[in-house]
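Numbering (the working numbering), first residue to last: 832 to 979. For every residue, glycine included, the Cβ atom is placed at its ideal position computed from N, Cα and C. Here is the structure we will look at, set down as structure tokens.
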């Protein structure tokens with residue numbers, strides 16, 4: 832069992848820490864059906880996760896409720912686990928960046944990264960680094976975390 836729980840915030844459902852967590856704590860795992868994008872049901876478009884060239888995971892577990900932040904406190908690893916990147920307090924919302932990919936990921940398979948306009952939204956994360964509109968991928972150099 833992961834130290835996270837599905838909760839509610841002012842915008843809807845979210846995933847929150849169920850304890851005080853240290854950096855590197857696994858809090859959830861993306862699990863579900865893997866399909867081609869053309870086979871993603873309309874009501875799941877906003878919840879799919881790219882796992883490979885035209886391989887999209889429809890998550891059915893608690894990880895489904897992790898929300899975006901422009902200053903996230905978690906990342907998704909290659910094995911689809913959600914891991915904290917900093918200390919997180921009990922009850923604090925767990926967040927990832929929906930639109931950040933590394934330069935290495937992009938260069939490995941650029942055709943893999945397209946943006947569906949249905950994923951675009953006005954960000955309400957409230958962080959001091961808020962992008963305001965999430966409407967495309969931001970490519971980050973992994974070695975120094977600078978956006979290109």
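Item to complete: Ignore the nearest five residues each way along the sequence and tell me which others in residue 975's own chain have a CB closer than 6 Å to its CB.
Response: Sequence index remark: in the chain shown, residue 975 carries index 144 (1-based). Note that residue 975 scores 49 on pLDDT, short of 50, meaning its location in the model is unreliable; the coordinates nonetheless yield the value given after this. None.
Worksheet item: Which residue or residues does DSSP assign as beta-bridge partners of residue 860?
Response: Residue numbering aside, residue 860 sits at position 29 when the chain shown is read from its first letter. BP columns for residue 860 point to 912.
Worksheet item: Would you say residue 922 and residue 848 are within 8 Å of each other, going by their C-beta atoms?
Response: Here residue 922 corresponds to residue number 91 of the chain shown, with the count starting at 1. Here residue 848 corresponds to residue number 17 of the chain shown, with the count starting at 1. Going by C-beta atoms, residue 922 is nearer than 8 Å to residue 848.
Worksheet item: Beta carbon of residue 896, beta carbon of residue 955: below 8 Å?
Response: As a working note, residue 896 is residue 65 in the chain shown. As a working note, residue 955 is residue 124 in the chain shown. For residue 896 and residue 955, no; Cβs fall outside 8 Å.
Discussion item. In this structure, how does DSSP classify residue 946 when only helix, strand and coil are distinguished?
Written reply: As a position in the chain shown, residue 946 is number 115, starting the count at 1. Under the three-state reduction of DSSP output, residue 946 falls in the coil class, being neither helix nor strand.
Worksheet item: Of all the options 882, 883 and 888, which has the alpha carbon lying nearest to the alpha carbon of residue 875?
Response: The sequence position of residue 875 within the chain shown is 44, counting from 1. The option with the nearest alpha carbon to residue 875 is 888.
Worksheet item: In three-state DSSP terms, what is residue 881?
Response: Here residue 881 corresponds to residue number 50 of the chain shown, with the count starting at 1. The answer is strand: DSSP assigns residue 881 an E or B state.
Discussion item. Going by beta-carbon coordinates alone, are residue 904 and residue 914 separated by less than 8 Å?
Written reply: Numbered from its first residue, the chain shown carries residue 904 at position 73. Numbered from its first residue, the chain shown carries residue 914 at position 83. Going by C-beta atoms, residue 904 is not nearer than 8 Å to residue 914.
Worksheet item: Three-state secondary structure (DSSP) at residue 906?
Response: Here the question's residue 906 lines up with position 75 in the chain shown. Reduced to three states, the DSSP call for residue 906 is strand.
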